[in-house]
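Numbering (this note's numbering), first residue to last: 399 to 501.
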Amino acid sequence: MEEDQNKDGQINIELDQEIAEGTYSNLAIINHSMSEFIVDFINIMPGVPKAKVKSRIILTPQHAKRLTQALADNVRKFEQAHGEIKDYEQPPIPMNFGPTGQA
């Protein structure tokens, strides 16, 4: 069995070419239950009444909190280097997809 962790405690992470290309998203919808956070990434096109979830990430509450902290830290560093990110008001998007129950 191959070791994923070397002697220094570093993890060897592999990034496949398809994943490295990324998926564009201009909307994220977040839901949660007692045991997990679910983040759906969507690409909505103007004038198109239907959009598909492009990617879904499921996190433990602890990892969701760490992600929140990491994003906040990176936004702060970005704004220090490039200036404040402007948040333009967007019209509300009607959310009518998927089941309405809880996990």
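All residues carry an ideal CB built from backbone N, CA and C; glycine is no exception.
Assigned secondary structure, residue i (DSSP; H/G/I helix, E/B strand, else coil)
i      : result
Lys452 : strand
Ala501 : The predicted position of Ala501 is uncertain, since its pLDDT is 48 and thus under 50; a value taken from the coordinates is nonetheless stated next. Coil.
Contacting residues, own chain, Cβ-Cβ under 7 Å from residue i (five flanking each side not counted)
i      : result
Tyr422 : Asn441
Option nearest residue i by Cα separation, candidates the options
i      : options                        : result
Ser433 : Glu412, Ala470, Ile456         : Ile456
Ala462 : His480, Lys452, Ile428         : Ile428
Phe435 : Asn424, Lys450, Thr458, Ala449 : Thr458
Ala449 : His430, Asn424, Ala418         : Asn424
Please go through the stretch 399–442 and give each complete beta strand (DSSP E) segment of 3 or more residues, from N-terminal end onward.
-> 425–430, 435–440
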